[in-house]
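**Q** Protein chains in written order, with my numbering: chain A, 427 to 626; chain B, 427 to 626.
All C-beta atoms, glycine included, are put in the ideal place defined by N, C-alpha and C.
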DNA sequence: CAGCACTGCGTACGGGTGTACACATCGGTG
DNA sequence: CACCGATGTGTACACCCGTACGCAGTGCTG
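1) Of all the CB atoms in chain A, is at least one closer than 8 Å to the CB of residue 509 (chain B)?
2) Cutting at 7 Å between CB atoms, please list the residues of its own chain near residue 447 (chain B), excluding the five before and the five after it.
3) Which residue comes first and which comes last in the alpha helix (DSSP H) that contains residue 475 (chain B)?
4) Using DSSP with H/G/I as helix, E/B as strand and the rest coil, what is residue 590 (chain B)?
5) What would DSSP say about residue 566 (chain B), mapped onto helix, strand or coil?
6) Give me the subset of the segment 561-573 of chain A whose CB atoms are less than 9 Å from a CB atom of chain B, sorted by chain position.
7) Run down chain A in chain order and give the residues with a C-beta less than 8 Å from the C-beta of residue 496 (chain B).
8) Taking a contact to mean a Cβ-Cβ separation below 8 Å, would you say residue 542 (chain B) touches residue 587 (chain A) in this structure?
9) Classify residue 455 (chain A): buried if its beta carbon has 16 or more other beta carbons within 10 angstroms, exposed otherwise.
10) Starting from residue 457 (chain B), follow the alpha helix (DSSP H) in both directions and report where the run begins and ends.
11) Short of 7 Å in beta carbon distance, which residues of its chain neighbour residue 470 (chain B), apart from the five on each side in sequence? Order them along the chain.
12) May I ask you to verify whether the segment 574-583 of chain B touches the segment 578-593 of chain A, counting CB pairs closer than 8 Å and requiring at least 3?
13) Within 10 angstroms of the Cβ of residue 475 (chain B), are there 16 or more other Cβ atoms? Answer buried if so, exposed if not.
14) Report the neighbours of residue 551 (chain B) on chain A: residues whose CB is nearer than 8 Å to its CB, in chain order.
15) In whole angstroms, what separates the C-alpha of residue 504 (chain B) from that of residue 553 (chain B)?
16) Is the segment 482-501 of chain A touching the segment 525-539 of chain A, taking contact as three or more C-beta pairs under 8 Å?
17) Compare the C-beta of residue 473 (chain B) against all C-beta atoms of chain A and say whether one is closer than 8 Å.
18) Can you give me the start and stop residues for the alpha helix (DSSP H) that residue 517 (chain B) sits inside?
19) Residues of chain A with CB closer than 8 Å to the CB of residue 535 (chain B), please, in chain order.
20) Using alpha carbons as the reference points, say which of A:511, A:570, A:519 lies closest to residue 599 (chain B).
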């Protein structure tokens with residue numbers, strides 16, 4: 427029994443991974459110190475030791491989930507190409523994401539949405555949107571980028587919450603509408619009448 | 427003790443109301459047969475009798491919450507005016523809604539988002555979006571209406587999840603972009619030119 | 001080599017949960 | 001009025017939860 431567990435720096439990490447699996451399988455409802463301990467194959471006391479509260483564990487889990495997607499986003503070659511059709515690329519990316527294992531999408535969204543009721547998660551959720559916005563801002567202005575993220579969130583939610591299918595072409599069209607407008611009105615002054623798109 | 431409770435048709439209704447209060451106060455996590463029974467001041471057995479499962483109760487609660495907001499939407503005079511700036515009206519409406527008691531907004535969103543993990547709630551969530559879309563479709567085409575809803579959802583979420591403030595002018599601008607007819611013609615199937623923001 | 005502070009673990013406790021089931025009560029029927 | 005099935009209620013049970021706390025193993029210090 428004299429395991430060198432004290433010097434197991436991956437212990438904490440493994441608990442977080444286990445938490446992600448548990449939430450993916452049974453939802454946040456199914457997350458408890460016990461279930462995650464069983465999943466990670468560590469004693470109960472270990473989970474309470476590393477993460478005093480479940481909130482703390484959720485924060486770590488959400489952050490980890492974010493890292494994965496953020497990396498995926500940054501490494502996307504299509505996003506990097508400066509002459510690509512941004513709307514089409516984003517629509518495609520979203521399609522690939524939601525088209526993959528629904529379990530994973532559910533998992534990430536569930537954690538993200540949990541911030542609604544858990545203030546401790548909100549900074550992490552904010553980090554997340556800021557990351558995506560920062561990536562997109564290279565291809566457009568920050569204000570537009572923020573709206574793109576909002577729209578993508580909304581589209582995903584509609585697909586997930588209503589059992590509806592994700593329509594890539596439709597997403598592309600709407601993202602393009604957001605992108606089309608030269609932002610001539612963000613300043614807080616009086617707004618001008620809606621300007622016609624210039625046509626590409 | 428010979429209360430005529432058998433003939434209390436509001437009993438069920440009152441339980442639903444109590445459930446809404448409980449969720450508003452303590453979140454879905456805090457919802458149990460016992461808490462709702464206490465809140466509604468009915469015996470424990472009564473809640474299990476009227477709603478065999480908590481899911482069933484949640485469905486009723488979400489539906490009730492939807493009714494309230496749907497009515498508010500339909501009765502909005504600003505929405506009815508055919509010559510109003512739709513983007514501005516929606517942005518204002520959203521501002522009023524999110525600016526009000528955060529508790530109520532949280533409540534409704536939490537129930538709505540719960541559909542992510544509870545398939546039984548999904549039809550009700552779909553009803554909800556369809557209702558809003560139907561209302562908006564009177565002022566634009568259904569496809570655009572759907573995107574407006576998605577964007578509004580996304581904007582609300584960003585405000586709620588990241589502690590950010592809601593920026594009405596910004597919302598107006600982005601909603602207007604969705605409403606603007608795109609320069610490049612929509613691909614097969616979805617082409618209808620009827621509305622164009624007049625901007626006055 | 002002896003001692004010690006500290007990190008990490010196992011267990012036990014009090015409390016809250018969903019649910020099954022036996023019981024009271026009521027409206028209708030002969 | 002006597003009965004009876006349906007409707008609604010109270011209680012008891014088995015389970016799972018978070019947390020507190022005493023104890024073992026470890027690396028450092030002298």
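**A** Here's the rundown:
1) The residue given as residue 509 (chain B) occupies position 83 in the second chain. No, residue 509 (chain B) does not count as interfacial toward chain A.
2) As a first step, residue 447 (chain B) is located in the second chain; it is residue number 21 there, counting from the start. Closer than 7 Å at the Cβ level, and outside the excluded window around residue 447 (chain B), lie 465.
3) In the second chain, the residue the question calls residue 475 (chain B) occupies position 49. Start and end: 470-476.
4) By 1-based counting over the second chain, the position of residue 590 (chain B) is 164. Coil at residue 590 (chain B), not helix or strand.
5) If you number the second chain from 1, residue 566 (chain B) lands on position 140. Three-state DSSP puts residue 566 (chain B) in coil, outside helix and strand.
6) 569, 570, 572, 573
7) Sequence index remark: in the second chain, residue 496 (chain B) carries index 70 (1-based). By Cβ distance, chain A contributes nothing, its closest Cβ being about 16 Å from residue 496 (chain B), past 8 Å.
8) As a first step, residue 542 (chain B) is located in the second chain; it is residue number 116 there, counting from the start. As a first step, residue 587 (chain A) is located in the first chain; it is residue number 161 there, counting from the start. In this structure, residue 587 (chain A) lies closer than 8 Å to residue 542 (chain B) by Cβ.
9) Counted from its first residue, the first chain places residue 455 (chain A) at position 29. When all chains shown are included, residue 455 (chain A) counts as exposed.
10) The residue labelled residue 457 (chain B) in the question sits at position 31 within the second chain. Here residue 457 (chain B) belongs to no alpha helix (DSSP H), and DSSP marks it neither H nor E.
11) Residue mapping note: residue 470 (chain B) aligns to position 44 of the second chain, counting from 1. 459, 460, 463, listed in sequence order.
12) yes
13) Position 49 of the second chain, counted from the start, is the residue given in the question as residue 475 (chain B). So residue 475 (chain B) ends up on the exposed side.
14) To locate residue 551 (chain B), count along the second chain from 1; it is residue 125. Within 8 Å Cβ-Cβ: 587, 588.
15) Residue mapping note: residue 504 (chain B) aligns to position 78 of the second chain, counting from 1. Residue mapping note: residue 553 (chain B) aligns to position 127 of the second chain, counting from 1. About 23 Å.
16) yes
17) Walking along the second chain from the start, residue 473 (chain B) turns up at place 47. No, residue 473 (chain B) lies away from the interface with chain A (no Cβ there is under 8 Å from its Cβ).
18) Start at 1 with the first residue of the second chain, and residue 517 (chain B) comes out as number 91. Unbroken alpha helix (DSSP H) run through residue 517 (chain B): 512-525.
19) Counting from 1 along the second chain, the entry for residue 535 (chain B) is found at position 109. Within 8 Å Cβ-Cβ: 542.
20) One-based indexing of the second chain puts residue 599 (chain B) at position 173. When each option's Cα is compared against that of residue 599 (chain B), the closest is A:570.
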